[in-house]
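Q:
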Amino acid sequence: MSTQGQAMAFKLDAEPVDTQKPTVGRDVRETVGEVRVADPRVRCTDVNVHYGDKHAIKNISLDVGKGEVLAMIGPSGCGKSTFLRCLNRMNDTVRECRVTGEILLDGEDINASHIDVVPLRARVAMVFQKPNPFPKSIYENVAFGPRIHGLCNSKSDLDVVVESSLRKANLWDEVKDRLDDVGTGLSGGQQQRLCIARAIAIEPEVILMDEPCSALDPISTAKVEQLIEELRQQFSIVIVTHSMQQAARVSQRTAYFHMGDLIEVSETDRLFIKPRHQLTEDYITGRFG
Amino acid sequence: MTNPTKASTEGASSFARVQAGMARRRAAERRFKLLGRAAVGIGLLFLAVLLTSIVSRGYTAFWQTEMRLDVVLVADEIDPEGTRLVDTLHKADYSALIKQSLRDMFPEVSSRRDRFALYGLVSNGAAFDLRDRVMADPSLIGTTVSLWVPADDDVDMLMKGHIDREGPEADRRIKDTTLGWIDQLEADGRLALRFNTAFFTKGDSRDPELAGIRGALMGTIFTLVVTLALSFPLGVAAAVYLEEFAPKNRWTDLIEVNINNLAAVPSIVFGLLGLAVFINVFGLPRSAPLLGGLVLTLMTLPTIIIASRAALKSVPPSIRDAALGIGASPMQATLFHVIPLALPGMLTGTIIGMAQALGETAPLLMIGMVAFIADVPQGVFDPATALPVQIYLWADSPERAFVERTSAAIMVLLAFLALMNLVAVLLRKRFERRW
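Chains F and E are the protein sequences, given in the same order. For the first sequence, the numbering used here assigns the number 1 to the initial residue and increments by one for each residue that follows. For the second sequence, the numbering used here assigns the number 290 to the initial residue and increments by one for each residue that follows.
1) Using only CA atoms, which one of E:Arg609, E:Phe670, E:Leu632 and E:Gly508 lies nearest to E:Gly572?
2) Which bits of chain E does F:Met126 rub up against, with CB to CB less than 9 angstroms?
3) Give the straight-line distance between the Cα atoms of F:Leu216 and F:Gln191, rounded to the nearest whole angstrom.
4) Contact criterion: CB-CB distance below 7 angstroms. Does E:Gln621 meet it with respect to chain F?
5) Do we get a CB-CB distance below 7 angstroms when we pair F:Ile148 with the residues of chain E?
6) Less than 7 angstroms between the beta carbons of F:Arg276 and F:Thr23, yes or no?
7) Identify the residues that DSSP records as bridge partners of F:Val124: which are they?
8) Under 9 angstroms Cβ-Cβ, which residues of chain F neighbour E:Lys537?
9) What is the DSSP secondary structure of E:Gln679, reduced to helix, strand or coil?
10) Would you verify that the beta carbon of F:Asn132 is, or is not, closer than 7 angstroms to some beta carbon of chain E?
11) Kindly indicate which three-state DSSP category E:His379 falls into: helix, strand or coil?
12) Near E:Ser696, what residues of its chain come up, given a Cβ to Cβ distance below 6 angstroms and the 5 sequence neighbours on each side ignored?
13) I need the boundaries of the beta strand (DSSP E) containing F:Pro101, first residue and last residue.
14) Quick one: what's got a C-beta closer than 7 angstroms to E:Ala535's C-beta in the same chain, skipping five residues either side?
15) Using the Cβ count rule (16 or more neighbours within 10 Å means buried), how would you classify E:Arg320?
16) Among the candidates E:Leu482, E:Leu480, E:Met507 and E:Phe484, whose CA atom is the shortest distance from the CA of E:Asp493?
17) Distance cutoff 7 angstroms, beta carbons only. Does E:Ser603 sit that close to anything in chain F?
18) What does F:Val118 touch in chain B if you count any residue whose Cβ is under 7 angstroms from its own?
19) I want to see whether chain E comes within less than 7 angstroms of F:Gly145, judged by CB atoms only; does it?
20) Quick test of your reading: E:Gly501 and E:Phe489, contact by CB under 8 angstroms. State the CB separation rounded to the nearest angstrom.
21) My guess is that E:Val438 and E:Glu355 are in contact by the Cβ rule of under 8 angstroms, so how many angstroms apart are they, rounded?
22) Could you please give me the residues that DSSP links to F:Val238 through a beta bridge?
23) Pull out every residue of the region 82-109 of chain F whose Cβ sits closer than 8 angstroms to any Cβ of chain E, in chain order.
24) Quick check: the Cα distance between F:Arg287 and F:Arg85, rounded to an integer number of angstroms?
25) For E:Gly524, tell me which candidate among E:Ser597, E:Glu455, E:Leu480 and E:Ala577 has the shortest Cα-Cα distance.
26) Can you give me, in chain order, the residues of the region 624-658 of chain E that have a beta carbon less than 9 angstroms from any beta carbon in chain F?
27) Determine the direct distance from the alpha carbon of F:Arg29 to that of F:His55, and round the result to whole angstroms.
28) Determine the DSSP secondary structure at F:Lys223, reduced to helix, strand or coil.
29) Identify the contact partners of F:Ile202 in chain E, using a Cβ-Cβ distance below 9 angstroms as the criterion.
30) Where does F:His149 land, buried or exposed, given buried means 16+ other C-beta within 10 angstroms?
31) Any C-beta of chain E sitting closer than 7 angstroms to the C-beta of F:Arg41?
32) Tell me which same chain residues have a C-beta within less than 6 angstroms of the C-beta of E:Ala684, skipping the five on either side of it?
33) Of the residues that make up the region 194-228 of chain F, which ones have a beta carbon closer than 9 angstroms to any beta carbon in chain E?
34) Is E:Ser520 buried or exposed, if buried means 16 or more other CB atoms sit within 10 Å of its CB?
35) Any beta carbon of chain E sitting closer than 7 angstroms to that of F:Ala122?
36) Would you mind sorting F:Arg178 into buried or exposed? The rule is 16 or more other CB atoms within 10 Å of its CB.
Written out as structure tokens, the structure reads:
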């Protein structure tokens, strides 16, 4: 995968060949490409989000497959973060935000009245743009989730979960001798991996990542990307990113958003090499965004 | 700016303009700094003036003139039947013994008026001191004891130089004969300034030499304990609910406006409310620290709520997101992550509210904590007064000796305040965390 990613990053710099010109014009807003997958973890149908009078997300249908990394790209304010936050109902915390449409997690509508957001978020965990570890010890940061969800019966169970989560997040070797240090004292990249460890400690089905590397240096970014690739074996991952190279490196499918519309979804390779929509091509060739 | 040559010439000229303006900007900067320093300086100056005037007036109150008396404990006077019963010992006329010892020292005094003046040299409290001494050790009866008793406040004032010896006799509270006795006693080493333990161990008294701060101090402590125990949990709970859980609508806006208004209500109004509601409706005991605490809780609640809400607002939303994002319930996010981070700010608000409550006099006047109470309160239901009220009462008293006691009481109040602040700072340090 990583060699493929490098190859694609190389191709991005090349001018698109004439024969691969997009076939769909700029004024078309219907989604182009394959929104559905055969075995979906999450299936969204006609999702709309309104912030007061503002129509932030317009009729979006999209699937997230099992064991896949779905990247969402698009210019600032296109609604990709808003859409991401629909998937574990984090928009509930935003006043004046109204979500309609159907979002099925394993076939169950998460917006149904009988669904409790607390267990939902234990299944769909979130990692944020800015690393936001709790100002507590590294151990406590990871242990918080399993503890509140009652996943561990004993201290030794918890120790095991903390260690395995930190190992999965490729952070164990760096922090194993200072688990009692404050999490906020780590470097930016370590903090973000700590946040990922915190998320995977509760064994969710889906991990949502909202520009997880935008505050990180290139080396930390590489580590997080490698981590995403490893986590894909166990979790479905939806990642919002501003870096097309990153999307190309880590994801299997990519969705391009524009002004609240989902413009194009397809295999990542295909989207970057042979975009079908004119807007997608404009964006990935740097004409705007 | 598209033309590069034009841009560069403009750049040069604007650099020159910047240079030309620098002197003015630096001067403005200096003036601004100077003003700030002056403001801080004036503040410190006033503080220094205040403290010096209080301390210079009040420090003498920590010493009290005492007189050494050799009292013959005549068995027939104290306990004629020799039963040594507590009741008998308690009822004996000890002041007669004190008077006798004074007469023994100045046998030449014979006229009724002179004797009266002579008896006035020692405090009324001397007889009680003697009684306590005898009751503690009845075997002293029949012997002669030498004991230090507090001198009268006029003697005290003379010893401390607050009464002018040279002034005309008619204007002086101490006449020439008395002055002669005092000089003689001093020459005999029977008059001395000793540490004023009574000031810290006794309740209020009409006699300045017997008046102590302990009653008011305990009253204040009980009142503040009640205030803290009620206003901190209530205030924090209200703030947490309003900030983290309540829907933002017209009702909560109305509540917020009203809380802000309550913070600005004159404190005497809370006193009136306490009188009308707590005493007249609920029939709580008047003058009690419990009542004072309730009234001061009403007064400090808005302060604590406002400060706590500000503290909660300043917690970065990313912390809430982090907790909610891994499935914490809103209560878990608030309890485990938001409140610990807001706690230092909440404590600051609480200490400001408590300091306000500590210095508050007006509402306590309305609920009867202004009464003359000589006993030291033992609990929140006993009648009590508070330090600021005590200061007010003493400042109102005509005796010269109460002037220094007033200042001394202010010093105690300030020390108490400093202590409270110190505790708050230590607590805040403990809870303070970076994020």
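Glycine included, C-beta positions come from ideal geometry on N, C-alpha and C. As the structure is a computational prediction, the values presented were derived from the model and not from experiment.
A: The structure says:
1) Translated into positions along the second sequence, residue 572 of chain E becomes position 283. Nearest to E:Gly572 by C-alpha distance, out of E:Arg609, E:Phe670, E:Leu632 and E:Gly508, is E:Phe670.
2) On the first sequence, position 126 is the one that residue 126 of chain F refers to. Simply Asp610, Ala611, Leu613, Gly614 and Ile615.
3) For this step, residue 216 of chain F is matched to residue 216 along the first sequence. For this step, residue 191 of chain F is matched to residue 191 along the first sequence. Cα to Cα, the separation comes out at about 10 angstroms.
4) The residue given as residue 621 of chain E occupies position 332 in the second sequence. Cβ-Cβ to chain F under 7 angstroms: yes for E:Gln621.
5) Numbered from its first residue, the first sequence carries residue 148 of chain F at position 148. It does: the Cβ of F:Ile148 has a partner Cβ on chain E nearer than 7 angstroms.
6) Locating residue 276 of chain F in the first sequence gives position 276, where the first residue counts as 1. Locating residue 23 of chain F in the first sequence gives position 23, where the first residue counts as 1. Less than 7 angstroms divides the Cβ of F:Arg276 from the Cβ of F:Thr23.
7) Against the first sequence, residue 124 of chain F aligns to sequence position 124. Note: F:Val124 sits in a beta bridge opposite F:Val206.
8) For the purposes of this step, residue 537 of chain E is identified with residue 248 of the second sequence, where counting begins at 1. Taking a Cβ-Cβ cut-off of 9 angstroms, the neighbours of E:Lys537 in chain F comprise Arg95, given in sequence order.
9) The residue given as residue 679 of chain E occupies position 390 in the second sequence. DSSP places E:Gln679 in the helix class (H, G or I) of the three-state scheme.
10) Translated into positions along the first sequence, residue 132 of chain F becomes position 132. For F:Asn132, the closest Cβ of chain E is nearer than 7 angstroms.
11) Numbered from 1 along the second sequence, position 90 holds the residue referred to as residue 379 of chain E. Of the three classes helix, strand and coil, the one that applies to E:His379 here is helix, per DSSP.
12) Position 407 of the second sequence, counting from 1, holds the residue named residue 696 of chain E. Only residues of its own chain outside the window of five on either side were considered, and among them Ile343, Arg346 and Gly347 have a CB closer than 6 angstroms to the CB of E:Ser696, listed in chain order.
13) As a first step, residue 101 of chain F is located in the first sequence; it is residue number 101 there, counting from the start. Checking the displayed sequence, the identity of residue 101 of chain F turns out to be Gly instead of Pro. For F:Gly101, the enclosing beta strand (DSSP E) has its first and last residue at Cys97 to Leu105.
14) Taking the first residue of the second sequence as 1, we reach residue 535 of chain E at position 246. Excluding sequence neighbours, E:Ala535 sits near Thr541.
15) For the purposes of this step, residue 320 of chain E is identified with residue 31 of the second sequence, where counting begins at 1. E:Arg320 counts as exposed, since fewer than 16 other C-beta atoms from the protein chains shown sit within 10 angstroms of its C-beta.
16) Along the second sequence, one-based indexing puts residue 493 of chain E at 204. Nearest neighbour of E:Asp493 by Cα position, chosen from E:Leu482, E:Leu480, E:Met507 and E:Phe484, turns out to be E:Met507.
17) One-based indexing of the second sequence puts residue 603 of chain E at position 314. No, because no Cβ of chain F sits closer than 7 angstroms to the Cβ of E:Ser603.
18) The displayed structure is made up of protein chains F and E, and chain B is not among them.
19) Working through the first sequence from its first residue, we reach residue 145 of chain F at position 145. Yes, F:Gly145 counts as interfacial toward chain E.
20) Position 212 of the second sequence, counted from the start, is the residue given in the question as residue 501 of chain E. Position 200 of the second sequence, counted from the start, is the residue given in the question as residue 489 of chain E. Cβ atoms of E:Gly501 and E:Phe489 come within 8 angstroms of each other, at about 6 angstroms.
21) Residue mapping note: residue 438 of chain E aligns to position 149 of the second sequence, counting from 1. Residue mapping note: residue 355 of chain E aligns to position 66 of the second sequence, counting from 1. Yes, they are in contact, since the Cβ atoms of E:Val438 and E:Glu355 sit about 6 angstroms apart, within 8 angstroms.
22) Locating residue 238 of chain F in the first sequence gives position 238, counting from the first residue. In DSSP, F:Val238 forms a bridge with F:Leu70 and F:Leu208.
23) Under the 8 angstroms Cβ criterion, the region 82-109 of chain F contributes Asn88, Met90, Thr93 and Arg95.
24) Translated into the one-based positions of the first sequence, residue 287 of chain F becomes position 287. Translated into the one-based positions of the first sequence, residue 85 of chain F becomes position 85. Roughly 28 angstroms between the two C-alpha positions.
25) As a position in the second sequence, residue 524 of chain E is number 235, starting the count at 1. Looking at the Cα atoms, E:Ser597 is the closest of the given residues.
26) Taking a C-beta cut-off of 9 angstroms against chain F, the contacting residues of the region 624-658 of chain E are Phe625, His626, Pro629 and Leu630, listed in chain order.
27) Taking the first residue of the first sequence as position 1, residue 55 of chain F is located at position 55. Taking the first residue of the first sequence as position 1, residue 29 of chain F is located at position 29. Roughly 15 angstroms separates the two Cα atoms.
28) The residue you call residue 223 of chain F lines up with position 223 of the first sequence. If DSSP states are grouped into helix, strand and coil, F:Lys223 belongs with the helices.
29) Within the first sequence, the letter at position 202 stands for residue 202 of chain F. Residues of chain E passing the Cβ test: Ile615 and Gly616.
30) For this step, residue 149 of chain F is matched to residue 149 along the first sequence. Under this definition F:His149 is a buried residue.
31) Here residue 41 of chain F is taken as the residue at index 41 of the first sequence, counted from 1. Output row for F:Arg41: interface = no.
32) Position 395 of the second sequence holds residue 684 of chain E. Apart from sequence neighbours up to five positions away, the residues of its chain that approach E:Ala684 with a beta-carbon distance below 6 angstroms are Thr695, ordered along the chain.
33) Cβ contacts with chain E: Cys195, Arg198, Ala199, Ala201, Ile202, Pro204 and Leu208.
34) Here residue 520 of chain E refers to the residue found at position 231 when the second sequence is read from its first residue. Note on E:Ser520: 16 or more other CB atoms within 10 angstroms of its CB, so buried under the neighbour-count rule.
35) The count along the first sequence starts at 1 and reaches residue 122 of chain F at position 122. Residue-level contact check: F:Ala122 touches chain E, since one or more beta carbons of chain E fall below 7 angstroms from its beta carbon.
36) On the first sequence, position 178 is the one that residue 178 of chain F refers to. Classification for F:Arg178: exposed.
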